[in-house]
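Student:
Number of protein chains: 2
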Amino acid sequence: MGHGGGGALSAELVEHLLVPAYGNETLAALGDCAQVTLGGARLAMSTDSYVVRPMFFPGGSIGDLAVNGTVNDLAMSGARAAFLSCALIVEEGTDMTVLRRVAQAIGTAAAAADVAVVTGDTKVVDTGHGDGVYVNTAGIGLVPEGVDIRPQRAAPGDAVIVSGPLGLHGVAVMSVREGLEFGVEICSDTAPLGGLVQAMLAVTPDIHALRDPTRGGLGAVLNEIAAASGTGIVLAERDLPVPEAVANACGFLGLDPLYVANEGLLVAFVPREHADAVLAAMRAHPHGAGATLIGECVADHPGMVVARTGLGGTRVVDLPLGEQLPRIC
Amino acid sequence: MGHGGGGALSAELVEHLLVPAYGNETLAALGDCAQVTLGGARLAMSTDSYVVRPMFFPGGSIGDLAVNGTVNDLAMSGARAAFLSCALIVEEGTDMTVLRRVAQAIGTAAAAADVAVVTGDTKVVDTGHGDGVYVNTAGIGLVPEGVDIRPQRAAPGDAVIVSGPLGLHGVAVMSVREGLEFGVEICSDTAPLGGLVQAMLAVTPDIHALRDPTRGGLGAVLNEIAAASGTGIVLAERDLPVPEAVANACGFLGLDPLYVANEGLLVAFVPREHADAVLAAMRAHPHGAGATLIGECVADHPGMVVARTGLGGTRVVDLPLGEQLPRIC
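Chains as they are written, first to last, in my numbering: chain A, 1 to 329; chain B, 330 to 658.
(1) Give me the DSSP bridge partner(s) of A/TYR259.
(2) So with CB distances below 8 Å, who are the chain B contacts of A/VAL90?
(3) Can you check whether the CB of B/GLY392 is closer than 7 Å to the CB of B/ALA434?
(4) Compute the distance between the beta-carbons of B/GLY496 and B/PRO586, then report whether it is under 7 Å.
(5) Do you know offhand how far B/VAL447's Cα is from A/LEU9's?
(6) State the Cα-Cα distance for the pair B/PRO387 and B/GLU514, rounded to the nearest angstrom.
(7) For the alpha helix (DSSP H) containing B/ASP393, list its first residue and its last residue.
(8) I want to verify the contact list: residues of chain A whose CB lies under 8 Å from the CB of B/ILE657, in sequence order.
(9) Per the contact definition of three or more C-beta pairs closer than 8 Å, is the segment 474-485 of chain B in contact with the segment 534-551 of chain B?
(10) Can you check whether the CB of A/ASN24 is closer than 7 Å to the CB of A/THR190?
(11) Could you work out which residues of chain B lie near A/GLY120, taking near to mean beta carbons separated by less than 8 Å?
(12) Could you pull the start and end residues of the beta strand (DSSP E) that B/LEU539 belongs to?
(13) In chain order, what residues of the same chain lie with their CB nearer than 6 Å to the CB of A/ASP73, ignoring the 5 residues before and after it?
(14) Return helix, strand or coil for B/THR355, following the three-state DSSP convention.
(15) Run through the segment 183-238 of chain A for me and flag every whole beta strand (DSSP E) of 3 or more residues, listed as ranges in chain order.
(16) Cutting at 6 Å between CB atoms, please list the residues of its own chain near A/ALA277, excluding the five before and the five after it.
(17) B/THR426 lies in the alpha helix (DSSP H); which residues open and close that run?
(18) Only counting the same chain, and skipping five residues up and downstream in sequence, which positions put a Cβ closer than 6 Å to that of B/THR466?
(19) Nearest to B/ALA445 by CA position, among A/THR37, A/GLU296, A/ASP318 and A/GLY310, is which residue?
(20) What does B/ALA395 touch in chain A if you count any residue whose Cβ is under 9 Å from its own?
(21) Pick helix, strand or coil for A/LEU245, following the three-state DSSP scheme.
(22) Using 10 angstroms around the beta-carbon of B/GLY508, count the other beta-carbons present and answer buried if the total reaches 16, otherwise exposed.
(23) Sort A/LEU235, A/LEU201, A/HIS285 and A/SER61 by Cα distance to A/SER188 and report the nearest one.
(24) Provide the residue span of the alpha helix (DSSP H) that contains A/ALA275, from first to last.
(25) Output the distance between the C-alpha atoms of B/ARG409 and B/ASP477, rounded to the nearest integer angstrom.
(26) Which of the residues in the segment 173-187 of chain A, read from start to end, lie with their CB under 8 Å from any CB of chain B?
(27) Please report the distance separating the alpha-carbon of B/VAL472 from that of B/MET611.
(28) Can you confirm whether A/ASN136, when its beta carbon is compared against all beta carbons of chain B, has any partner nearer than 7 Å?
(29) On the DSSP letters alone, give me the boundaries of the beta strand (DSSP E) that A/GLY139 sits inside.
(30) Helix, strand or coil: which one does DSSP assign to A/GLY120?
(31) Which first and last residues belong to the beta strand (DSSP E) in which A/ARG153 is found?
(32) Alpha carbon to alpha carbon, how far is A/VAL270 from A/MET96?
(33) Within this structure, are the beta carbons of A/GLY44 and A/GLN35 separated by less than 7 Å?
(34) Less than 7 Å between CB atoms is the rule here; does A/ASP131 satisfy it with respect to chain B?
(35) For A/ARG315, count neighbouring C-beta atoms within 10 Å of its own C-beta (all shown protein chains included) and say buried if the count is 16 or more, exposed if not.
(36) Which residues does DSSP pair with A/PHE56 in a beta bridge?
Structure, rendered in structure tokens:
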């Protein structure tokens with residue numbers, strides 16, 4: 001299971017087995033999406049399969065994730081998602097009402113994200129070789145002129161900003177999966193981030209890097225960006241926006257909120273001179289109301305992420321080995 | 330299982346549940362791929378998931394199907410595939426050498442089809458909720474200027490041409506699955522058809538309709554084209570290129586070659602005046618060496634497909650209810 005978790009085992013699988021097998025430079029860039037040129041148009045393209053269990057959870061469903069996840073991967077290049085494909089793998093015997101609910105969630109989420117599902121496929125597998133419905137989406141969108149957002153562009157001096165609270169999705173799914181209650185219902189943060197990114201780009205096209213910290217959480221993507229760019233990253237631990245309910249649930253479950261999956265969150269690397277204006281634009285957007293400056297890029301310790309603790313010390317934030325929570329998306 | 334078989338049950342699922350849920354006109358056109366415009370570029374986009382069992386069979390593997398299938402869906406709009414996404418759902422405990430073989434088959438097939446796998450995803454599901462490796466690909470390609478290939482454009486007077494022999498893929502997979510031998514080894518016809526389509530378009534851009542008859546076989550796609558265009562289709566049964574080994578195997582298995590899946594075959598609807606030249610161009614191409622005129626479109630019996638039998642009678646070629654062979658692609 002660890003190889004699918006978005007951590008070090010996933011990275012090893014991708015870098016040592018898949019990239020050499022498929023072998024091309026676009027793939028080797030390993031952002032959230034590929035950037036390609038076709039017919040003179042500069043396009044972003046991305047795909048994800050969704051196997052989350054349960055399929056319906058507080059705040060969303062596999063259908064929401066399938067749309068928002070791919071829309072968000074495209075948004076991390078600055079692209080606004082235009083068209084999605086949607087392929088279902090349905091286990092024989094799945095209740096038709098479940099399939100209908102999933103399809104309707106996909107349609108509703110696509111309308112909310114202003115993206116069209118233009119092509120699809122459905123396969124049925126025998127009982128015991130699936131699990132209800134698995135969803136794959138792939139998407140394409142146009143990258144705006146003058147925008148060049150890539151993990152490699154993060155650089156010392158960049159402000160590190162997250163768009164909202166950490167850990168909601170992972171804890172929401174985990175709590176319903178385990179039948180746990182934490183006093184307040186914790187809802188997944190799943191949301192389409194294309195509009196938020198456009199609002200940020202309206203402030204400056206010179207945003208360096210964007211990622212949505214899903215599997216592996218913020219800790220994993222910060223490590224990937226540090227490795228890709230060679231910059232060091234310093235977080236202020238006490239500035240991390242961890243809701244009290246998430247902190248409590250993580251304490252109970254033995255999880256670190258830094259490594260818990262999010263589905264409607266982005267982390268942005270913004271040149272220092274634009275940071276205040278970008279932060280203000282994010283806070284003015286419904287999906288960025290909780291935007292927070294959490295750290296900065298530094299020339300020290302290249303490729304390494306550290307957190308300054310409340311006590312004035314520092315600790316290394318490692319790439320997690322696997323995912324703490326299997327089948328979270 | 331029938332809902333995934335490419336026949337009437339599949340059509341019902343797509344038309345009554347999925348299209349209304351996702352709801353837009355591009356999707357409702359229901360070709361092998363969507364045709365969209367983005368950034369001024371006229372694009373084709375398609376997706377398929379692959380769940381074929383066994384994953385390796387005479388003539389190919391799930392990796393070949395995953396690349397060629399999506400390349401071919403794009404080719405059916407006249408587009409040459411440019412970029413693919415590739416997403417894997419891996420069952421926990423799958424041997425790493427199997428995963429490596431699948432990835433290498435994908436890479437080799439992509440190189441042969443001259444298409445780049447530019448983005449991907451890997452999910453791992455627990456044992457008993459998958460079956461080795463499932464592969465999804467989505468692809469985009471550019472539709473050439475002046476080309477307008479759609480099921481709706483088939484019209485009375487069109488010649489109906491297939492690019493090669495029928496039934497090889499389905500019989501190849503079925504024979505290894507059931508441990509059957511038919512004297513000669515029957516190999517899947519899986520192949521990328523983009524080059525063949527370009528050779529046909531070099532004769533005339535005015536090809537009306539193209540389909541690759543995979544699930545549900547030639548019988549299903551002829552019915553879909555007849556329904557979409559409102560034309561009648563008449564086949565000459567004795568001209569159908571059914572290899573003797575396929576005929577024998579189908580006899581033994583109780584299958585009709587008209588409904589057996591193909592993976593490297595296309596059926597073309599070509600205005601009569603271009604039919605000879607297109608046929609000649611197809612026969613000059615490695616993937617069209619066995620191209621054959623099998624029938625024509627007629628104004629009689631709109632929307633219906635009939636076959637003239639060797640005895641001078643006619644029989645109706647219906648849309649199959651489900652797929653004769655589950656998990657064939």
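By construction, the Cβ of each residue, glycine as well, lies at the ideal position given by its N, Cα and C atoms.
Tutor: By the coordinates alone:
(1) Answer by DSSP bridge pairing: none, since A/TYR259 is not bridged.
(2) Under the 8 Å cutoff, chain B gives HIS332 and GLY333.
(3) yes
(4) yes
(5) 21 Å
(6) 8 Å
(7) 391-404
(8) Within chain A, no residue comes near B/ILE657; the closest Cβ sits about 10 Å away, beyond 8 Å.
(9) yes
(10) no
(11) VAL343, LEU347, TYR351, LEU356 and THR376
(12) 538-540
(13) ASP32, CYS33 and SER46
(14) helix
(15) 209-211 and 232-236
(16) VAL203
(17) 425-442
(18) ALA395, THR399, LEU413 and CYS415
(19) Comparing Cα positions, the closest option is A/THR37.
(20) For B/ALA395, none of the residues of chain A pass the 9 Å Cβ criterion, the least Cβ distance being about 11 Å.
(21) Note that residue 245 of chain A corresponds to Ala in the displayed sequence, not to Leu. Looking at A/ALA245 - three-state DSSP - the assignment turns out to be helix.
(22) exposed
(23) Comparing alpha carbon positions, the residue from A/LEU235, A/LEU201, A/HIS285 and A/SER61 closest to A/SER188 is A/SER61.
(24) 272-283
(25) 14 Å
(26) none
(27) 20 Å
(28) yes
(29) 133-142
(30) strand
(31) It is not in any beta strand (DSSP E) - A/ARG153 carries neither H nor E in the DSSP assignment.
(32) 47 Å
(33) Note on residue identity: the sequence assigns Ala, not Gly, to residue 44 of chain A. Contact flag set, yes.
(34) yes
(35) exposed
(36) A/SER61
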